[in-house]
Amino acid sequence: MTIGFFDSGLGGLTVLSEALRKLPHEDYIYMADTLHVPYGPKSKDDVQSYILEAIEMLMQYHIDALVIACNTATSIAVAELRDMYAIPIIGMEPAVKPAVEMNRATGKRVLVLATQLTLQQEKYYALVSRVDEQGIVDSLPLPELVQFCEALQFDKRMITEYFRSKLAPYNLNDYGIVVLGCTHYPFYADLLREMLPPHIGIVDGSAGTVRRLAAMLHRYGIAESQGNGSVKLLCTSGDQAYVNKMRTALDLLAGNTIYT
Ligand code: DGL
């Protein structure tokens, strides 16, 4: 099967990397919207039209299923995309519900990290209102982390300092879970793990998304069981240097060390 992956930039590679581990026999085509990354600080209307344009480009490759490996794009455009295209489409949203459920017993708070645009959407507000009866969810955008990632900035000391300053207003003893609700953020999950107190769990959406993809492939009876599979990396600006950067980022995710 040919599975399309989409993100504004490098973030969705964290999900693709998980897919390559769990579903290695499929063919993947990944499209990054390099003409418009980052989405987080932009307006909903602008980002929605960027997404529709980029997905139209991706559809030229005759993909059989689409993973929107971007929480922001999912919250802004998944309904429109499902109306426009007949193929199965899997989206992502911050894992607020499982985080709240996991925390019920401990009475601790949940901190959701995601882009401003995701956090501003009615969809996010509705999700939190639905599952957070006790008012334990706090939300924090980390726009610079997307920029660091796009620049392949993995300087351990610098990023640790950044996390420290962003988390300084929070009493971490009150928190039980941090949700990574933007696919760029898991590039920094290990660093965050090192600096958070050990009782805090980190949840990101990649494993759940890939499980849904696997279930969908099986349901339609279209999962590949053999062969090497392939990965084609594309970007909306057609910039070869960026494609090389995507390859580097994917290799970093497959290896053991990201930080310098
Ligand atoms: N990777 C993105 C997400 O999951 C969007 C980051 C951005 O373009 O600001 O939300």
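For the sequence shown, the numbering used here assigns the number 37 to the initial residue and increments by one for each residue that follows.
Virtual Cβ for every residue (Gly too), placed ideally from N, Cα, C.
As the structure is a prediction and not an experimental result, all values here were calculated from the model.
Do N139 and the ligand DGL come close, with the Cβ less than 6 Å from some heavy atom?
-> no
Simplified DSSP state of D240, which is helix, strand or coil = strand
Is the beta carbon of T70 within less than 6 Å of some heavy atom of the ligand DGL?
-> no
Contact check, K133 vs V167, beta carbons under 7 Å | yes
Give every residue of the same chain whose Cβ lies closer than 8 Å to the Cβ of F199, excluding the five residues on either side of it in the sequence, and list them in chain order.
-> Y224, L227, L228, M231
Sufficient close CB pairs (3 or more, under 8 Å) joining the stretch 66-84 to the stretch 269-280 | yes
Taking 6 Å as the cut-off, does the CB of C271 come closer than this to any heavy atom belonging to the ligand DGL?
-> No, the beta carbon of C271 sits no closer than 6 Å to any heavy atom of the ligand DGL.
Can you tell me which of A251, Q189, P77 puts its alpha carbon nearest to the alpha carbon of A285?
-> Q189
For F42, the nearest candidate out of L88, G257, G217 (CA to CA) = L88
Contact belief for M252 with P124 at Cβ below 8 Å, rounded distance in angstroms = 5 Å
Decide if D240 is buried, meaning its Cβ has at least 16 other Cβ atoms within 10 Å, or exposed.
-> buried
Beta carbon of N209: closer than 6 Å to some heavy atom of the ligand DGL?
-> no
Taking the beta strand (DSSP E) that A31 falls in, what are its first and last residues?
-> Residue 31 is absent from the model: the chain starts at 37 and stops at 296.
Sequence ranges, beta strand (DSSP E) only - wholly within the stretch 149-228, length at least 3 | 173-177, 211-216
In DSSP terms, what T297 is bridged to = Because the chain in this structure spans residues 37 to 296, residue 297 falls outside the shown range and cannot be described.
Does the Cβ of A101 have 16 or more other Cβ atoms within 10 Å, making it buried, or fewer, making it exposed?
-> So A101 ends up on the buried side.
Spatially closest choice to T219 from V246, L49, T38, by CA coordinates | Out of V246, L49, T38, L49 has the C-alpha closest to the C-alpha of T219.
Output the distance between the C-alpha atoms of G244 and G265, rounded to the nearest integer angstrom.
-> 21 Å
Whole-Å CB distance - A135 paired with I213, under 8 Å assumed = 4 Å
Where does L270 fall in DSSP's three states?
-> strand
Is the closest heavy atom of the ligand DGL to the C-beta of N107 under 6 Å?
-> yes
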